[in-house]
Structures are given as C-alpha cells and as structure tokens.
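Under our numbering, the first residue of the sequence shown is numbered 62, with each subsequent residue one higher.
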Amino acid sequence: MGTTDISILAIESSCDETSASILVNGKVLNNIVATQSVHEKYGGVVPELASRAHQENLIPVVHEALSTAGISKKGLSAVAVTRGPGLMGSLLVGVSFAKAFAKSLDIPLIDVNHMQAHVLAHFISEPRPKFPFICLTVSGGHTQLVLVKDHLTMEVIGETQDDAVGEAFDKTAKLLGLPYPGGPLLDRHAKEGNPKAFSFPLTRMPGLNYSFSGIKTAVLYFLRDRLAENPNFIAENLADLCASIQYTLVEMLLIKLKVAMKEYGITEVAIAGGVSANSGLRTTLSALSQRKGWTLYVPEFEYCTDNAGMIAMAAHYKYLRGEFVGYDIAPLAKMKF
Ligand code: KG4
Ligand code: ZN
C-alpha cells in the first residue's frame with residue numbers, strides 16, 4: 062500500500078452479525094462476517110446474548126479483515142463504525158472498540174448510519190444506481206422507502222409504523238411451525254404453492270407508510286379457525302399458505318413503492334436489506350420494473366444482509382468529505398439520517 066492510499070477499517074455490530082471490512086481507495090477488499098447461531102433456539106435475537114457474542118467475535122473478525130487484506134493497523138487511515146440504529150448493547154461493543162482503536166492509532170473515527178449504509182451497499186460494485194433513486198430497504202428490523210439524492214443526502218419518505226416486513230415473514234412463518242428465522246424457509250415453500258389460494262387483508266396506511274402487524278393476527282385467526290375443522294390443515298396446505306402470505310407482503314411493499322416512484326417522478330429503483338433476497342419480491346419487482354420502464358438494482362446477497370462492507374462504503378464517502386467524529390461519541394439506538 063502506498064502512503065497516499067485511503068485505507069479504512071469498518072465495523073458492524075448493530076444486531077446479530079459481527080462484521081469487519083477493509084476498504085482501500087473506495088474498493089471493498091473483504092467482508093468478514095461472524096453469524097450468531099445462539100439465537101436460533103429462542104426464535105429471535107436475544108439482546109444480551111448478542112452483546113456477549115459480539116464481544117467474543119469482534120477481535121477475531123477485525124484480525125481476519127486486516128490479515129486477508131494484507132494491511133497492518135499502522136497502515137489504516139481511519140476507523141469506521143455503525144453508530145445506530147440498532148440494539149444498544151450490540152452497538153456499544155462495536156463503538157467502544159472503534160473509539161479505542163482509532164484513538165490508539167491517532168487516526169480519524171467515522172460514524173455510520175446503518176440504514177444509510179444498507180442503501181450504499183449498491184455502490185460496492187457495478188452497476189451503480191444513478192441519482193436520484195428510490196431504495197426500498199427491507200430487513201428484520203426496518204422497512205423504509207428512501208429517496209436518495211446523492212451518496213450522503215437521503216430522505217425517508219415512508220416507513221413502517223409497527224413491525225418490519227422481515228418480522229412479518231418470520232412471525233407468520235413461526236405460526237406455520239417453521240423455525241427461526243422463517244423468512245427464507247417461507248420463501249422456499251412459497252415456490253411450490255399458489256399465491257392466490259388464500260387471501261389475507263392488505264393493510265393500507267396513509268401516505269407512503271407501512272403497517273405489517275395486522276397480517277400476523279389475520280394469519281393467526283385464519284389458522285385457528287381452519288385447524289379447528291382440520292388438525293392437518295397446515296401440513297396439507299403449507300406451500301399454498303406460504304405463497305399466499307408472501308404474495309400479500311410483497312403486494313403491500315410494491316403498492317407504496319409504485320406511488321412513491323410516480324409521486325417523485327423517478328425511474329431508478331433499488332432494493333436493500335435481508336428481505337431483498339426474497340424470490341417473490343425479486344420476481345414481481347423485476348416484472349413491474351420492465352412494465353414501468355424502471356431500472357432495478359439488486360445488490361449481491363452478501364451485501365443485502367448486515368455486513369461491514371456497506372459500512373466501509375458509507376465511510377468512504379464521509380472520509381472524502383472530512384466528516385469525522387470525536388473519540389467520545391455514544392451509540393444511538395434510534396438514529397435518524
Ligand atoms: O438485513 P437482515 O439480515 O438483518 C436485519 O434485520 O437487519 O434481514 C434479516 C431478515 C429476517 O427477517 C429474515 O427472515 C429475512 O430478512 N429474510 C427473508 C429472506 N431472506 C432473509 N425474508 C423473506 N424471504 C427471504 N428469502
Ligand atoms: Zn440491517
């Protein structure tokens with residue numbers, strides 16, 4: 062590495078993935094992720110266990126990122142970290158480490174907004190969306206429609222008022238007896254089923270906002286009534302149930318996206334976050350984009366779920382603008398753009 066290279070170490074610990082990444086001159090060289098399997102048996106992320114696992118995993122992932130990139134800590138130009146939003150205990154582990162590491166090396170510290178980073182995952186590799194574009198960020202913790210004006214100028218134009226869509230996938234999957242996280246399994250079964258077999262209400266919120274808590278209750282009562290008539294109802298109809306639930310959730314996402322694209326006169330659209338792996342969302346949105354003449358961007362799966370590569374990418378743009386923070390910052394469980 063030359064002395065003029067910009068080398069950034071980025072750290073992500075906002076939920077249940079501990080991740081570190083090295084970016085040099087705007088290029089993400091690696092993306093090391095330690096996934097926490099400890100939560101599976103509890104059917105959801107247990108915050109205290111997540112913090113402890115971050116403490117165990119953080120130093121090893123940082124070492125691996127540095128060594129596979131062939132960079133010594135003395136060669137770093139800055140340290141970047143997810144400041145929020147996320148679980149406070151989880152964020153504290155990453156932020157405390159990043160502050161101490163940057164201070165000990167006497168290099169700048171960059172704080173990154175996790176949701177902004179999900180959007181900037183689209184700039185890790187080609188093709189990159191053109192500004193302005195709308196990004197539908199869909200994960201286990203968030204559901205947002207973001208108007209992206211440039212790398213660091215973004216506006217949330219719509220978001221969920223209760224559950225995230227990933228939570229709706231996981232909770233309805235759990236009602237069907239699928240293990241956590243049920244989203245990917247529900248997707249797999251949905252491929253064999255009829256999306257119109259059962260109909261669930263499409264909850265509509267005013268403007269561009271979403272609500273995903275109603276579908277869980279609708280599915281719960283629907284199953285209770287059908288199981289009373291036939292105890293094997295779920296087993297006999299699993300694929301159709303999964304396909305119908307997935308269809309409803311995807312429709313809800315796309316109804317608001319269509320309104321947003323029209324309202325803002327935009328033709329570039331991107332999806333981000335763990336739920337962007339959903340095959341129903343991908344297929345339906347890609348057909349819709351063709352019909353509407355939109356250009357659709359879907360990041361590689363590695364950069365859809367929580368990862369430090371996207372944190373590094375966001376940090377790169379902040380570095381170029383000299384947007385650094387003091388070594389005394391605190392994490393923010395709720396953090397606005
Ligand atoms: O972005 P992510 O890895 O973590 C955060 O929540 O920040 O997203 C995880 C969420 C989980 O709710 C998971 O069930 C969902 O993404 N998910 C899926 C699929 N793959 C992941 N949901 C539906 N279909 C999928 N193929
Ligand atoms: Zn995330």
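Using N, Cα and C, we set each Cβ at its ideal position, and we do this for glycine too. Treat the numbers as computed from the prediction; the structure is a model and nothing was measured.
query: Proximity to His124 [Cα-Cα], best of Phe398, Arg144, Ala95, Val107; result: Ala95
query: For the ligand ZN, residues whose Cβ lies under 5 Å from any non-hydrogen atom; result: Ser200, Asp367
query: Which residues DSSP lists as bridging Val94, in chain order; result: Ser80
query: Under 9 Å between C-beta atoms of Ile295 and Gly244; result: no
query: Integer Cβ distance of Val122 from Ser75, believed to fall under 8 Å; result: In fact, because the Cβ distance is near 14 Å, the residues do not count as touching under 8 Å.
query: Anticipated Cβ contact below 8 Å, Ala333 with Ala182, distance rounded; result: 6 Å
query: Alpha-carbon spacing of Lys257 relative to Gly341, whole angstroms; result: 13 Å
query: Nearest residue (CA-CA) to Ile67, options Ala376, Lys395, Pro392, Val386; result: Ala376
query: Option nearest Ala225 by Cα separation, candidates Met322, His203, Val180; result: His203
query: Whole-number beta carbon distance between Leu314 and Leu208, since they are thought to touch under 8 Å; result: Wrong, their Cβ atoms sit about 16 Å apart, outside the cutoff.
query: Counterpart residues of Asp231 in DSSP-defined beta bridges; result: Note: Asp231 sits in no beta bridge, so no partner.
query: The ligand KG4 heavy atom lying under 8 Å from the CB of Cys196; result: no
query: Check: Gly227 C-beta below 8 Å from any heavy atom of the ligand KG4; result: yes
query: Burial state of Leu152 (16 or more Cβ within 10 Å); result: buried
query: 4-residue-minimum alpha helix (DSSP H) runs that sit fully inside the segment 233-298, ordered along the chain; result: 244-251, 274-290
query: Which of helix, strand or coil DSSP assigns to Arg113; result: helix
query: With 16 other Cβ atoms within 10 Å as the buried cut-off, status of Phe194; result: buried
query: Enclosing beta strand (DSSP E) for Lys210 [first to last residue]; result: 204-211
query: Assigned secondary structure, Leu357 (DSSP; H/G/I helix, E/B strand, else coil); result: strand
query: With 16 other Cβ atoms within 10 Å as the buried cut-off, status of Ile120; result: exposed
query: Burial state of Thr221 (16 or more Cβ within 10 Å); result: buried
query: Ile168 and Ala130 closer than 9 Å at C-beta; result: no
query: beta-carbon Phe230 near the ligand KG4 non-hydrogen atom, thresh 8 Å; result: yes
query: Residue from Gly354, Gln351, Lys353, Met371 whose Cα sits closest to the Cα of Pro360; result: Met371
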